[in-house]
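Here is the structure we will look at.
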Amino acid sequence: MRLSPVLKVLTIAVVALSSPSMTHAADPNCECRTSFPQSLLDSDLYDEEANCLYYADGATRYCYNISYGLNECSAYDESLDPYCSGLFPPGFCEQSFCFVDISCTSDSYASTYFPGHGLYYSYETCGSYNSFATWIGDDLPHSMTDLIALVEGYALSAKQALEANLQDVRYLLRAGNAEDCILQSACEECSSCEGNECWDQDIDTKRTNVVFNPSLEATTPENATKELACMANYIASTYRRTAAKEYNDEGRIAYQYFGSQDTGAMVQWPALEFCSNDFDARQRPWYASAASGPKDIVIVIDVSGSMYGSRIELARSAAKAVLRTLTWVDNANIVIFDHAYKDRYAASLRPATESEIALMATWIDENVVASGGTDFEEALGVAATMLAESSACSKAILFMTDGEDGTGFDESSLEEVSSDTVIFSYAIGTGATIEPLQTMACATGGIFYPVESEANLPSVMASYYQYFVQLADPCAVSWTRYTDAMTGVELFGGCTAIFDTLANETVLQGVNCVDLNLIVEPGMLQTCNNNAYDTFVDIIKSQAARCGDLASVGGCALSKLRQQVGSSSVCSADSAFSSCGNTNIAYNASSCPAPNPNRFNDIILEGCDADYNSCGAFSSTSTLAPTSSLTDDIAAAMSSIAYIVMGVGIFVVGVSVACVCLCLKAMKKRNRVSLPPSAMAGPPLVQNGYQAAAGHAPGTGAPASAGPSVIVPGAAMPVVAVPVAELAVNEETFDAK
Numbered sequence: 001m002r003l004s005p006v007l008k009v010l011t012i013a014v015v016a017l018s019s020p021s022m023t024h025a026a027d028p029n030c031e032c033r034t035s036f037p038q039s040l041l042d043s044d045l046y047d048e049e050a051n052c053l054y055y056a057d058g059a060t061r062y063c064y065n066i067s068y069g070l071n072e073c074s075a076y077d078e079s080l081d082p083y084c085s086g087l088f089p090p091g092f093c094e095q096s097f098c099f100v101d102i103s104c105t106s107d108s109y110a111s112t113y114f115p116g117h118g119l120y121y122s123y124e125t126c127g128s129y130n131s132f133a134t135w136i137g138d139d140l141p142h143s144m145t146d147l148i149a150l151v152e153g154y155a156l157s158a159k160q161a162l163e164a165n166l167q168d169v170r171y172l173l174r175a176g177n178a179e180d181c182i183l184q185s186a187c188e189e190c191s192s193c194e195g196n197e198c199w200d201q202d203i204d205t206k207r208t209n210v211v212f213n214p215s216l217e218a219t220t221p222e223n224a225t226k227e228l229a230c231m232a233n234y235i236a237s238t239y240r241r242t243a244a245k246e247y248n249d250e251g252r253i254a255y256q257y258f259g260s261q262d263t264g265a266m267v268q269w270p271a272l273e274f275c276s277n278d279f280d281a282r283q284r285p286w287y288a289s290a291a292s293g294p295k296d297i298v299i300v301i302d303v304s305g306s307m308y309g310s311r312i313e314l315a316r317s318a319a320k321a322v323l324r325t326l327t328w329v330d331n332a333n334i335v336i337f338d339h340a341y342k343d344r345y346a347a348s349l350r351p352a353t354e355s356e357i358a359l360m361a362t363w364i365d366e367n368v369v370a371s372g373g374t375d376f377e378e379a380l381g382v383a384a385t386m387l388a389e390s391s392a393c394s395k396a397i398l399f400m401t402d403g404e405d406g407t408g409f410d411e412s413s414l415e416e417v418s419s420d421t422v423i424f425s426y427a428i429g430t431g432a433t434i435e436p437l438q439t440m441a442c443a444t445g446g447i448f449y450p451v452e453s454e455a456n457l458p459s460v461m462a463s464y465y466q467y468f469v470q471l472a473d474p475c476a477v478s479w480t481r482y483t484d485a486m487t488g489v490e491l492f493g494g495c496t497a498i499f500d501t502l503a504n505e506t507v508l509q510g511v512n513c514v515d516l517n518l519i520v521e522p523g524m525l526q527t528c529n530n531n532a533y534d535t536f537v538d539i540i541k542s543q544a545a546r547c548g549d550l551a552s553v554g555g556c557a558l559s560k561l562r563q564q565v566g567s568s569s570v571c572s573a574d575s576a577f578s579s580c581g582n583t584n585i586a587y588n589a590s591s592c593p594a595p596n597p598n599r600f601n602d603i604i605l606e607g608c609d610a611d612y613n614s615c616g617a618f619s620s621t622s623t624l625a626p627t628s629s630l631t632d633d634i635a636a637a638m639s640s641i642a643y644i645v646m647g648v649g650i651f652v653v654g655v656s657v658a659c660v661c662l663c664l665k666a667m668k669k670r671n672r673v674s675l676p677p678s679a680m681a682g683p684p685l686v687q688n689g690y691q692a693a694a695g696h697a698p699g700t701g702a703p704a705s706a707g708p709s710v711i712v713p714g715a716a717m718p719v720v721a722v723p724v725a726e727l728a729v730n731e732e733t734f735d736a737k
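Position 2 of the sequence shown, counting from 1, maps to 2 under UniProt numbering, and the rest follow consecutively.
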């Protein structure tokens, strides 16, 4: 990125003027370059007199030694700013690489540090390989601690880079120097993408692009779109370097991704084509896992006659948007009311599993229909009773209505709502009555939100993240388990919340995630000894459900949140906080403490199958059902058929000796018949309960009401789809990304 001459002088940072040690030769078939391309030598990035090769990162330029990446293999990035000098340097920082010619036979990537000059780098030619593959191949003991630390290190280093780059991006935007920030949209043709049978679509593992809902993009301010484009450029460098080091199998489904709080867009690696008017990163479970933490919520919806028409449609959309933000450690329920309490989804809170959320969404479509009068109090009492039985970290009622209460609602109507439950109230539609909704939000430490139209619904429904993120550890890595909507593959994401670290209040900028699958397919971990996989799942779920130090937001922090929504959301009690200080939980957080490694003690990775085939596993295995259940049933059915035939043979014996002989001969031949190979090849195929739109991208997929189904391949009988829920094989389901 070009900077003005004055800006260059002010922002140069000299960080490395000597070459790193521990060098060695590259693969003879892919030797290191001995000089840079002429175009780079002629540019203002190369200064032989100062012994500097400049890397421009936002408004800052870093001086690297002019031999950086040349002549021989070395860990050139070790300890270098901006990515490798923090407490959590990415794994690639300590790995050897060098710049190579484009004709190199080893895997190589176009340089994101010095783009546009035909410069490529390779880790493979220097003998640097995927971390897990290296561990399997050496004789040293490795544990789940090493693997988790690796993923969390990537996630935390990306977090620190994003938070630092945010300030640089805004500096560039103010200075008018962001002309190079071009949004690479996933709606555009990906000419560099190539077909991949395992992914079932075209991908480019050496690029990133941005999934941006066209309807959201049309209403996003230009400066926010430009900021997104610049942030996407910067995170692309980290994603591509990480992939170059770790992604050694294009049959392994894995993603790196950043969801933007302001826009709902998602920067994704690898690049792939996907365009949808329904996609919103803020409404995906992986986003919620880092942005909101564990919670129990009850959605209360007004279905009175005054909600008829566009208002009831808006309420349905709002409620389903909330469902899409629930995670694998949340619980939820739905209550509807008109002139009195009318109905509820379930008698008590339900775990927010993928199948349960799909059923809730269907229930909303079938039951949220406008009719009758309006009475808030009884419905609030039902919701409050449900939450009173909960021991969750955070408890909330999301109350949706047009505000027209016919019974004279006042603060005394909230007596049944416990002190640890907050109410987020939503005035649905234009012209809604807001006074009672302001009352219930102010009295319970919640926030009132006006929802005037479908256009502002996504941003409004994502706003409650700004409340819950105040309760989180700003340095935490939140793990989430989900099913890829496209392939049905099980994915584990290590996710971190991204903040504006220089603001005077806590401002969530987005969520960044790195999938464990980038390094190893979880199915391969199931081949390891010591029950490592199951123990790992139990631990990360327990960690995800852990409560923070605070159960609710109050004082200055809450007052600022209400002010951000608008003047109608400000409560009378907020006047006491007119001169608040800094309430940013992530203020100037340049580093985070290391996560406690003792979480994964004694989970030794040994006996793992080094020949595990990721792509082959996708087509023949499932984590939702054991291998033997249905194939054994088929075998049993075939055995029954054999017995029937044998009975017929015995009957024929009584008629004629000759017929007996013939029948026995036929029986012998019949008993040699085997099941078709496809029926015996492995466990049943699973069709995910989330059906993604054409083009499938991470974070996509709309709930299908029927739920997941199991299809028996190659069976010698009519194929029958059986809902997974009826098999009672594994009650836990995963959130689709």
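In this text, a Cβ means the ideal position worked out from N, Cα and C, and glycines have one as well. Note that the coordinates shown come from a computational prediction; the quantities given were computed from them, not determined experimentally.
Listed as beta-bridge partners of H24 by DSSP are C73. Excluding sequence positions up to five before and after L173, its CB lies within less than 7 Å of the CB of N223, K226 and E227, all in the same chain and listed in chain order. Residue pairing by DSSP puts T401 in a beta bridge opposite A427.
Pairing M386 with S418 gives a Cβ-Cβ distance that is not under 8 Å. Here E490 carries a strand assignment [DSSP, helix/strand/coil]. Contact annotation: the region 339-359 does not touch the region 273-280, with fewer than three C-beta pairs closer than 8 Å. The criterion of a C-beta distance shorter than 8 Å is not satisfied by A318 and Y467. Taking C-beta atoms as the reference points, Y154 and V514 count as a pair closer than 8 Å.
Taking C-beta atoms as the reference points, P474 and F448 fail to come closer than 8 Å.
In the DSSP assignment, L272 is bridged to I203. Around the CB of C547, fewer than 16 other CB atoms lie within 10 Å, so the residue is classed as exposed.
In the three-state scheme derived from DSSP, where H, G and I count as helix and E and B as strand, F92 is classed as helix. Selection A392, D262, N529 and S390 evaluated against N456 yields D262 as nearest (Cα-Cα). In this chain, the beta strand (DSSP E) harbouring C513 covers L508 to D515. Bounds of the alpha helix (DSSP H) holding Y467 are Y464 to F468. Rounded to the nearest angstrom, the Cβ distance from E194 to D200 is 13 Å, too far for a contact under 8 Å. Its Cα nearest to that of G607, the residue S143 stands out among L40, L491, P115 and S143. Residue state for N165 is assigned as helix, using DSSP reduced to three classes.
Note that the C-beta distance between M400 and I423 is not below 8 Å.
Bridge pairing for Q256: W269 and V514 [DSSP]. S390 and D296 have their alpha carbons spaced roughly 7 Å apart. Taking C-alpha positions only, G445 is separated from S394 by approximately 12 Å. When DSSP assignments are scanned along the region 170-258, the uninterrupted stretches of alpha helix (DSSP H) that are 4 or more residues long and fall wholly within it turn out to be 214-219 and 222-246. Rounded to whole angstroms, F376 and E366 show a C-alpha spacing of 21 Å. Secondary structure in the region 263-331: the alpha helix (DSSP H) runs of 4 residues or longer, each lying completely within the stretch, are 285-291 and 310-323 in chain order.
With respect to G373, S304 sits close: the two C-beta atoms are nearer than 8 Å. One alpha carbon belongs to D484, the other to D338, and they sit about 39 Å apart.
Each residue's CA atom was taken as its position, placing S111 and L40 some 12 Å apart. Nearest in C-alpha terms to A271, of all of P285, A236, N248 and A290, is A236.
Sixteen is the threshold: since fewer than 16 other Cβ atoms of the shown chains lie within 10 Å of the Cβ of P593, the residue is exposed. Per DSSP, reduced to three states, the secondary structure at L53 is strand. P522 sits in a helix when the DSSP states are folded into three classes. DSSP lists G494 as the bridge partner or partners of W479.
Counting only residues of its own chain and dropping the five nearest sequence neighbours on each side, C30 has a CB closer than 7 Å to the CB of V100, C104, T105, S106, S122 and T125. Per DSSP, the beta-bridge partners of D343 are I336. Closest in alpha carbon position to I336, among V369, A392 and A358, is V369.
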